[in-house]
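> Input: one structure, supplied below.
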Amino acid sequence: MSETSVLRGPVTVRSARPDEYDLVGELTVEVYVGGGMVKPDSGYVPELRDAAGRAAHTDLLVAEVAGEVVGAVAYCPPGSRYAVVAGADEAEFRMLAVRERARGRGAGRALVEACLDRARAAGLRGLRLVTQANMPAAQRMYERMGFRRTPERDWTLDNGVRLLAYHMPL
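The sequence shown begins at 1 in the numbering used here and counts up one residue at a time.
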């Protein structure tokens, strides 16, 4: 499918397959680096690319439209080494990425809803996330979905990148 073709059809969310880990890693780097959210020489790029590593410690989910993987997210249950702000009775999601040409079609929302569904099914108290201050579109989506800012859990990375924390009680 060409990058300029129109995507048609419903969004489907499912677990990523091992044969898709490289694709998910490249998609995540494409979104974060290509979108100007992470510098190409950032030490975070190898972590973004390592979807197989994420899949070993999280539930790595993908969004598909018309058979094409257009987005991904890592759902981090309690105890996951990828959960950085969640408490013992909360889950977290990380590295939400949706290709530019698929935005506005509900893929990001569907991935977040899948994380909410998993947290509810596990009987957890809430779902948390952190997002970079330079991601206003994502912040608007989270707030429309009912997530609320929890600034007491914000922090700034060593490289000066500010991370904003959000929470959805369940």
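All residues carry an ideal CB built from backbone N, CA and C; glycine is no exception.
Evaluate the contact criterion for the segment 157-165 versus the segment 125-134: three or more CB pairs, one atom per stretch, below 8 angstroms.
These segments touch.
> Can you name the residues that DSSP bridges to Thr12?
The residue given as residue 12 occupies position 12 in the sequence shown. Answer is Glu64, bridged to Thr12.
> Under a three-way DSSP split, which group does Glu3 fall into?
On the sequence shown, residue 3 is found 3 positions in, with the first residue counted as 1. Confidence at Glu3 is low in this model, with a pLDDT of 46, below 50, so its placement is unreliable and no value can be given for it.
> Please list the segments of the alpha helix (DSSP H) lying wholly inside the segment 37-102, counting only runs of 4 or more residues, in order along the chain.
As far as the segment 37-102 is concerned, its whole alpha helix (DSSP H) runs of at least 4 residues are 45-49, 51-55.
> Considering only residues of the same chain and omitting the five flanking positions on each side of Pro171, which have a CB-CB separation below 8 angstroms?
Shown here, the chain extends from 1 to 170; a query on residue 171 therefore has no answer.
> In terms of residue numbering, what span does the beta strand (DSSP E) encompassing Pro169 cover?
On the sequence shown, position 169 is the one that residue 169 refers to. Here the beta strand (DSSP E) through Pro169 covers 162-169.
> What whole-angstrom Cβ distance do Ala66 and Arg8 have, given they're in contact under 8 angstroms?
The sequence position of residue 66 within the sequence shown is 66, counting from 1. The sequence position of residue 8 within the sequence shown is 8, counting from 1. Right, the Cβ-Cβ distance comes to about 6 angstroms (below 8 angstroms), so this counts as a contact.
> For Leu88, I'd like the list of residues in its chain whose CB is within less than 7 angstroms of its CB, leaving aside the five on either flank, ordered along the chain.
Here residue 88 refers to the residue found at position 88 of the sequence shown. According to the sequence shown, residue 88 is Ala rather than Leu. Only Pro78 meet the Cβ criterion.
> Give the C-beta separation of Arg94 and Ala74 to the nearest angstrom, bearing in mind that I take them to be a contact with Cβ-Cβ under 8 angstroms.
As a working note, residue 94 is residue 94 in the sequence shown. As a working note, residue 74 is residue 74 in the sequence shown. Right, their Cβ atoms sit about 5 angstroms apart.
> Can you tell me where the alpha helix (DSSP H) with Gly108 in it begins and where it stops?
As a first step, residue 108 is located in the sequence shown; it is residue number 108 there, counting from the start. Taken as a continuous stretch (DSSP letters only), the alpha helix (DSSP H) holding Gly108 covers 107-121.
> Closer than 6 angstroms by C-beta to Ala107: which residues in its own chain qualify, once you throw out the five before and the five after it? Chain order, please.
Taking the first residue of the sequence shown as 1, we reach residue 107 at position 107. Once the five neighbours on either side are set aside, the close Cβ partners of Ala107 are Val11, Ala63, Val70, Gly71, Val98.
> Taking only the alpha-carbon atoms, compute the straight-line gap between Asp22 and Thr28 and give it to the nearest angstrom.
Sequence index remark: in the sequence shown, residue 22 carries index 22 (1-based). Sequence index remark: in the sequence shown, residue 28 carries index 28 (1-based). Cα-Cα distance, rounded: 10 angstroms.
> Would you decide whether Gly25 is buried or exposed? Buried here means 16 or more other CB atoms lie within 10 Å of its CB.
For the purposes of this step, residue 25 is taken as residue 25 along the sequence shown, with counting starting at 1. Gly25 is buried by the Cβ-count criterion.
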